[in-house]
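Okay, structure first, notes after.
Protein chains in written order, with our numbering: chain A, -9 to 224; chain B, 1119 to 1420; chain C, 11 to 332.
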């Protein structure tokens, strides 16, 4: 079933368009990876879905309902969570408080969900009273994802989850992403690390200069010679 | 000297109430609120209006509690005035600062607007009450108690310190243990991420103004009880408030508390060497020294 | 009022507005072109006025020495007063700039506010410095013997206008130079990669000092116009706030706007005086505060509805940039 549909979206700052008629579709339970060179507009795509940027043209629908141009605090209530690339934790607050803030809009008892998130990231349970600002990069990324997962979102938007992490930690974080996906959360991942991102992707999109260039299953894109030459480093 | 330190702690508590609100507004809404001193004045005069006007009209008895200089009228006026200034602060946000936010104005425009607000409030107070020194209970003898070390302290001052710590304690519980308090801290920490988490930051801003205004009002009333009321009292508090806020690191309410006490004590102790009118200059010099030595304040990251 | 009276009134209006225009031009260098938020103009106003007074008056002797204390009395001509006021204000600005210009823009505001209040306290309390709250009186007026004392204001108006025009031309020249372009880049945070933090600090410092020197000249002009000065003349209302309203109303970043704003707001200020003359007797004593309330509301309206002021910013800074 199609969950999130981004159709012909054009976005720009004052004068220059960053995205031109970009289309991305996410089905339930899917990992969709978006790869492409720096400046291709990958992060802009996520910010647009989440309502931080307003599209000039095009439609974004979640389960066939329009969410185009809604404010971020409205979009969150529709079941989409977003993990920004940088400054994605409340560094002066404890891990537990970070996760509570993730559940801010929930009015029900979310202690069950808190336990699930701690099960997913056991290291966070051990350190739940520690301030997020004192954590390592990899743990901070887990707090950021944990915060976003507190809502039990239908779609998770991840902006470069491996950015700034030491190479040894990268595979760990991708492993966590797979685990999260296994709980049924669909996601769009924007990544520089194209090979890893495509490996776990059900579907992949290649963006360049703000336009769709290619899209196919993750495996097919990995096997594609052109993609290999241009984006996977040979 | 010990006596001056005790008086400094009382003054410091009053400064701290203002500085905590100033620091919250600075940290969450992101600008220097030059009207914060006037919130203190407004609180003091609103309580005066209740004590000498409304409550005398509806017939609340004008007694005092034993050795204290105030009675039931002040007990009722105190929370009323805090709420009134909270609404005043929110009102100015709705009619002025919200419009500036909508236009993406820079922080200096907000600061300038708050400077205008400060003049507006001060002018209204002078127009209504004049610029004379006023008292909640004029002509009342206010004997001091003798406590060890030869310190003379008025019973009012003990109550003032008690109220300061009560309010700071309540604020602490609010910020640490309630959902709205945590959301306020989250917004101060990272406004964009707060928005992403679904926190309605406009609502947080309203809460921030409300709390900042209410605490400032409390500080103003306590100063009125301890010393006197004057239309320019808040303006003269502004430099000590900023000094305390910067000393304690902007956005850190515990820092503002410590900063308030430090500035209050320094101001009172200075009167042993300098004319009392130079208290404001003492706060100013301390602030300049902090800016030179440690501009991020004692609790800030280096 | 007869014609002569009206003209005399207009002349005194033009003098005061002209003096305020000098302050607006000084503030425009700091705020309009560089983005420096100085809310302690009253401090420079005060120091400029006192400096010039002490340079141009003789030190009291004989019986006067018992009544008038002043630390300095050089008895020099008016021009020395202007220059001295500029130099002293420049030095003070430099000292304030050191701790604040590396920090966020609010810090300068808080520090300048503090210095203005501190100066007022010092002049009020230190009798040996400049006679405390009684202030200094009998300041000399330049070219005094030239005309009949009744028409002296015409002479002073010419002096004020000359100073204003000289300051205007000086600033126009400066901001159209490469130096002026850098100032705007500093203000807009469009700093080129070649600029270090130290360069930015230096440019801000130069603008702060230059603007404050102009304010010192304004203070001197005021002192020799009113002949008598006391610390209470330099309140945040008359010394700082109204000047900000003038510049915001005229258009920050525009020197013509700065002058226009000074004249327009001073006209509004005088106009509200006529309005408050109609107030009932009981409110009359508080009329100045009602007028300031209106000025405060005017500032808020400008900030929200016309932050660019009447004229807006002049875009063409250099003939090279079209």
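The beta carbon of each residue, even a glycine, is placed where N, CA and C say it ideally should be. On a predicted model such as this, the values are computed, not experimentally measured, just so you know.
By the neighbour-count criterion, in which 16 or more other beta carbons inside 10 Å mark a residue as buried, residue 155 (chain C) falls on the exposed side. Residue 1245 (chain B) places its beta carbon 8 Å or farther from that of residue 1120 (chain B). For residue 171 (chain A), the secondary structure class from DSSP, reduced to helix, strand or coil, is helix. When CB distances to chain B are screened at a threshold of 9 Å, the residues of the region 114 to 128 of chain C falling below it are 114, 115, 116, 117, 119, 120, 121, 123, 124, 125, 127, 128, in chain order. Under the Cβ criterion of 8 Å, residue 159 (chain C) is not counted among the residues facing chain B. Assignment of residue 201 (chain A) by DSSP, reduced to helix, strand and coil, places it in the strand class.
Bridge pairing for residue 68 (chain C): C:84 [DSSP]. Taken atom to atom, the span from the alpha-carbon of residue 26 (chain A) to that of residue 111 (chain A) is near 29 Å. The alpha-carbon separation between residue 1409 (chain B) and residue 60 (chain C) amounts to approximately 28 Å. A distance below 7 Å between beta-carbons, with the five flanking residues on each side excluded, links residue 1367 (chain B) to the following residues of its chain, in chain order: 1373, 1414, 1415, 1416, 1417, 1418. Residue -8 (chain A) sits in a strand when the DSSP states are folded into three classes. Think of a sphere of 7 Å around the beta carbon of residue 1308 (chain B): the chain A residues whose beta carbon falls inside it are 77, 80, in chain order. Contiguous beta strand (DSSP E) elements confined to the region 1307 to 1347 of chain B do not occur, taking only those with 3 or more residues. The DSSP-derived three-state label of residue 1264 (chain B) is strand. Put simply, the CB of residue 1300 (chain B) is near chain A, with a gap under 8 Å to one of its CB atoms. Under the Cβ criterion of 8 Å, residue 1226 (chain B) is counted among the residues facing chain C. At least 8 Å separates the CB of residue 1263 (chain B) from every CB of chain C. Beta-bridge annotation (DSSP): residue 195 (chain A) is paired with A:24, A:205.
Rounded to the nearest angstrom, the gap between the Cα atoms of residue 1230 (chain B) and residue 142 (chain C) is 31 Å. Close CB contacts of residue 296 (chain C) within its chain, under the 7 Å cut and outside five residues either way in sequence, are absent. Scanning chain B for C-beta atoms nearer than 9 Å to the C-beta of residue 3 (chain A) yields nothing, as the closest lies near 13 Å away. Counting of Cβ neighbours within 10 angstroms places residue 1257 (chain B) among the exposed residues, the total staying below 16. Residue 95 (chain A) has a beta carbon lying within less than 8 Å of a beta carbon in chain B. Only exposed fits residue 172 (chain C), as fewer than 16 other CB atoms lie within 10 angstroms of its CB.
Shown here, residue 48 (chain C) sits in coil according to DSSP, grouped into three states, outside any helix or strand. Across the region 1311 to 1334 of chain B, CB contacts with chain A closer than 7 Å involve 1311, 1313, 1314, 1315, 1316, 1317, 1318, in sequence order along the chain. Counting C-beta atoms within 10 angstroms of its own C-beta, residue 1397 (chain B) has 16 or more neighbours from the protein chains shown and is therefore classed as buried.
At a beta-carbon threshold of 9 Å, none of the residues of chain B lie near residue 130 (chain A); the nearest stands roughly 12 Å away.
One thing to note: residue 68 (chain C) has its Cβ no nearer than 8 Å to the Cβ of residue 50 (chain C).
A residue is called buried when at least 16 other Cβ atoms come within 10 angstroms of its Cβ; residue 41 (chain C) meets this threshold and is buried.
With fewer than 16 other beta carbons inside 10 angstroms of its own, residue 119 (chain A) counts as exposed.
Per DSSP, residue 10 (chain A) lies in no alpha helix (DSSP H); the unbroken beta strand (DSSP E) holding it starts and ends at 7 to 17.
Taking C-beta atoms as the reference points, residue 319 (chain C) and residue 36 (chain C) fail to come closer than 8 Å. Chain-ordered listing is empty here: chain A has no CB closer than 9 Å to the CB of residue 1216 (chain B), the nearest sitting near 15 Å. In this structure the region 1397 to 1406 of chain B does not lie against the region 1143 to 1150 of chain B, because fewer than three pairs of beta carbons, one per stretch, are closer than 8 Å.
Among the residues facing chain B, residue 321 (chain C) is not included, as its CB has no counterpart in that chain under 8 Å away.
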